[in-house]
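Colleague:
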Amino acid sequence: MASADLRDELTCSICLNIYTDPVTLPCGHSFCRTCIGDVLDTQEGSGAYKCPECRAESQERPALETNRKLRNIAENIRSTHPEQEEAGIPCTYCIQSPVPAAKTCLMCEKVLEYYCCEDATCICVYCVAGEHRGHQVETLNEASEKKKEKLRNILQKLTSQREEAEKRVQSLEELRRQVQGKAAGVTERVTALIRDIRKQLEALEKRVLSEISRQEEQVSLRVSDLIRQLEIKKEDLSRKMGDIEELCDMTDPVTVLQGRESDRDDYCDAEEDTERRDIKVHHVGDLDVV
Numbered sequence: 001m002a003s004a005d006l007r008d009e010l011t012c013s014i015c016l017n018i019y020t021d022p023v024t025l026p027c028g029h030s031f032c033r034t035c036i037g038d039v040l041d042t043q044e045g046s047g048a049y050k051c052p053e054c055r056a057e058s059q060e061r062p063a064l065e066t067n068r069k070l071r072n073i074a075e076n077i078r079s080t081h082p083e084q085e086e087a088g089i090p091c092t093y094c095i096q097s098p099v100p101a102a103k104t105c106l107m108c109e110k111v112l113e114y115y116c117c118e119d120a121t122c123i124c125v126y127c128v129a130g131e132h133r134g135h136q137v138e139t140l141n142e143a144s145e146k147k148k149e150k151l152r153n154i155l156q157k158l159t160s161q162r163e164e165a166e167k168r169v170q171s172l173e174e175l176r177r178q179v180q181g182k183a184a185g186v187t188e189r190v191t192a193l194i195r196d197i198r199k200q201l202e203a204l205e206k207r208v209l210s211e212i213s214r215q216e217e218q219v220s221l222r223v224s225d226l227i228r229q230l231e232i233k234k235e236d237l238s239r240k241m242g243d244i245e246e247l248c249d250m251t252d253p254v255t256v257l258q259g260r261e262s263d264r265d266d267y268c269d270a271e272e273d274t275e276r277r278d279i280k281v282h283h284v285g286d287l288d289v290v
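For the sequence shown, position 104 (counting from the first letter as 1) is numbered 104 according to UniProt numbering, and the numbering increases by one without interruption.
(1) For N67, I'd like the list of residues in its chain whose CB is within less than 7 Å of its CB, leaving aside the five on either flank, ordered along the chain.
(2) Among the candidates Y19, C116, E57, P26, whose CA atom is the shortest distance from the CA of A74?
(3) Our contact map puts residue 304 next to E138 with C-beta atoms below 8 Å; I'd like the distance itself, whole angstroms only.
(4) Helix, strand or coil for S46? Go by DSSP, reduced to three states.
(5) Measuring CB to CB, does I14 end up less than 8 Å from C27?
(6) Distance check for R195 and E216, CA to CA, integer angstroms please.
(7) For P62, count the other beta carbons within 10 Å of its own beta carbon; 16 or more makes it buried, fewer makes it exposed. Which is it?
(8) Distance check for L40 and C94, CA to CA, integer angstroms please.
(9) Alpha carbon to alpha carbon, how far is Q218 from E231? Give it in angstroms, no decimals.
(10) Does DSSP put I36 in a helix, in a strand, or in coil?
(11) Helix, strand or coil: which one does DSSP assign to C122?
(12) What span of residues does the alpha helix (DSSP H) with T80 cover, start to end?
(13) Alpha carbon to alpha carbon, how far is K182 from R198?
(14) Where does I95 fall in DSSP's three states?
(15) Between which two residues does the alpha helix (DSSP H) holding T139 run?
(16) Tell me where the alpha helix (DSSP H) around T20 begins and ends.
(17) So what does DSSP say about C127, is it helix, strand or coil?
(18) With H, G and I counted as helix, E and B as strand and the rest as coil, what does DSSP make of T251?
(19) Assign S58 to one of three DSSP states: helix, strand, or coil.
(20) Using the rule of at least 16 other Cβ atoms within 10 Å of the residue's Cβ for burial, across every protein chain shown, is R33 buried or exposed?
(21) Can the beta-carbon of C116 be found closer than 8 Å to that of H135?
(22) With distances taken Cα to Cα, identify the nearest neighbour of E44 among E65, E166, C54, Q59.
(23) So, for C54: in the same chain, excluding its five sequence neighbours on each side, which residues have a beta-carbon less than 8 Å away from its beta-carbon?
(24) Buried or exposed for P253, please, with buried defined as at least 16 other CB atoms from any protein chain shown within 10 angstroms of its CB.
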C-alpha cells in the first residue's frame with residue numbers, strides 16, 4: 001500500500017507516468033518538464049496560465065524550478081522497478097524522454113471523447129462546455145471515420161496518380177528503347193557508308209597517284225630525249241657557227257664568195273627544225289589526270 005502511495009506521489013498527473021525531469025510551479029505542484037511545458041504552450045494567448053492540478057492562475061508564464069529531490073527519487077524508483085513502467089504508444093509531447101501516451105485532456109485531466117472541428121484538436125466533455133463552447137464538435141469515432149474516409153479518397157487519388165506515372169514511365173522507357181534502336185541502326189548504316197566511301201576514295205587515290213607517276217615517267221622520258229637531241233643540235237650549230245665565223249673573218253672576197261653554198265641551206269634548215277622542236281617541248285610537259 002505504501003508502495004502504491006509512493007508511486008502516486010511520483011506520478012505526473014498529465015502523462016500518468018513516473019516523473020521525467022520533474023519541475024515545480026510556484027503553486028507547489030510538480031510535473032514532467034516537457035508535459036507542463038506543452039500545457040503552458042497551449043495556454044499562450046488565453047490571457048492567463050493555469051496549473052493543471054489546482055487551476056491557480058498567473059498573468060505571466062510561470063518559471064519552472066527543477067525539483068532535484070523528486071527527480072532523484074523518481075530515477076531511483078524507475079531503475080529499481082523497471083517493470084512498473086507502462087508500455088504503450090509514446091506521448092507525442094514528451095519528446096525528450098519517451099513515455100506512454102495518456103488519452104486525457106491536458107487542461108482538464110479528463111478522458112478525451114470529442115473532436116473540435118474548428119480547432120482540429122481532441123477535447124474532453126468539460127472542454128465542450130467550456131473553451132470550445134459553440135464549436136462544431138464530433139465524437140472521436142465519428143471524426144476518426146470522416147478523416148479515414150478523406151484519407152482513403154486521397155489514397156485512391158494518389159494510387160491513380162502513381163499508376164498513371166508508372167504508365168508514363170513505361171511508355172517513356174519504350175520510347176527510349178525505340179530511339180536507342182533507331183540510333184543504333186542509323187549509326188551502323190552511316191558507319192558502313194563512310195567505310196565504303198573511304199575505300200572508294202583510297203582506290204581512287206591509288207589510281208590517280210599511279211597515273212600521275214606513269215605520266216611523270218613518260219614525260220620525263222620525252223623530255224630527256226628532247227634534251228639529248230637538242231644537245232646534239234647545239235654541237236652541230238656550234239660547228240656551223242665556227243665555219244661561218246671563219247668566213248666572216250676572211251679578207252679575201254673570192255674565198256668568202258666561193259664558200260660552200262650548202263651553208264646557207266643548212267642554216268635555214270636549222271631555224272625551221274628549232275621551231276618544230278620548240279613546239280614539241282611546249283606540249284610535252286602537260287599531265288592529263290583529270
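All C-beta atoms in this analysis are idealised placements derived from N, C-alpha and C, irrespective of residue type, glycine included.
Modeller: Short version:
(1) Start at 1 with the first residue of the sequence shown, and residue 67 comes out as number 67. So the list reads P22, V23, T24, S30, once near-sequence residues are dropped.
(2) Position 74 of the sequence shown, counted from the first residue, corresponds to residue 74. Ranking the options by Cα distance to A74, first place goes to Y19.
(3) As displayed, the chain neither begins before 1 nor continues past 290, which places residue 304 out of reach and without an answer.
(4) Start at 1 with the first residue of the sequence shown, and residue 46 comes out as number 46. In this structure, S46 counts as coil in the three-state DSSP scheme.
(5) In the sequence shown, the residue the question calls residue 14 occupies position 14. In the sequence shown, the residue the question calls residue 27 occupies position 27. No, they are not a contact pair.
(6) As a working mapping, residue 216 is identified with position 216 in the sequence shown. As a working mapping, residue 195 is identified with position 195 in the sequence shown. Distance between the alpha carbons of E216 and R195: 31 Å.
(7) For the purposes of this step, residue 62 is taken as residue 62 along the sequence shown, with counting starting at 1. Answer is buried; the Cβ neighbour count reaches 16.
(8) Counting from one through the sequence shown, the residue named residue 94 turns up at place 94. Counting from one through the sequence shown, the residue named residue 40 turns up at place 40. Summary for C94: the model assigns pLDDT 47, below 50, so the residue's position carries little reliability, and this model does not support an answer.
(9) Here the question's residue 231 lines up with position 231 in the sequence shown. Here the question's residue 218 lines up with position 218 in the sequence shown. Computed Cα separation, rounded: 20 Å.
(10) Counting from 1 along the sequence shown, the entry for residue 36 is found at position 36. Of the three classes helix, strand and coil, the one that applies to I36 here is helix, per DSSP.
(11) By 1-based counting over the sequence shown, the position of residue 122 is 122. Strand at C122.
(12) Taking the sequence shown and counting its residues from 1, the one referred to as residue 80 is at position 80. That run of the alpha helix (DSSP H) goes 68-80.
(13) Within the sequence shown, numbered from 1, the residue matching residue 182 stands at position 182. Within the sequence shown, numbered from 1, the residue matching residue 198 stands at position 198. Approximately 24 Å, taken between the alpha carbons.
(14) Indexing the sequence shown from 1 puts residue 95 at position 95. A caution first: I95 carries a pLDDT of 43, below 50, which makes its placement in the model too unreliable to give a value.
(15) As a working note, residue 139 is residue 139 in the sequence shown. Counting along the chain, T139 falls outside any alpha helix (DSSP H), though it belongs to the beta strand (DSSP E) covering 137-139.
(16) The sequence position of residue 20 within the sequence shown is 20, counting from 1. From DSSP, T20 is part of no alpha helix (DSSP H); its letter is neither H nor E.
(17) Taking the sequence shown and counting its residues from 1, the one referred to as residue 127 is at position 127. If DSSP states are grouped into helix, strand and coil, C127 belongs with the helices.
(18) What you label residue 251 is simply residue 251 of the sequence shown in a count that begins at 1. Residue state, collapsed to three classes: coil.
(19) Taking the sequence shown and counting its residues from 1, the one referred to as residue 58 is at position 58. In the structure shown, S58 sits in a strand (DSSP, three-state: E or B).
(20) Residue numbering aside, residue 33 sits at position 33 when the sequence shown is read from its first letter. Result: buried.
(21) To locate residue 116, count along the sequence shown from 1; it is residue 116. To locate residue 135, count along the sequence shown from 1; it is residue 135. Going by C-beta atoms, C116 is nearer than 8 Å to H135.
(22) Residue numbering aside, residue 44 sits at position 44 when the sequence shown is read from its first letter. E44 has its Cα closest to that of Q59, out of E65, E166, C54, Q59.
(23) Translated into the one-based positions of the sequence shown, residue 54 becomes position 54. Within the same chain, C54 has close Cβ partners C27, H29.
(24) Working through the sequence shown from its first residue, we reach residue 253 at position 253. Counting Cβ neighbours within 10 Å, P253 comes out exposed, since fewer than 16 surround it.
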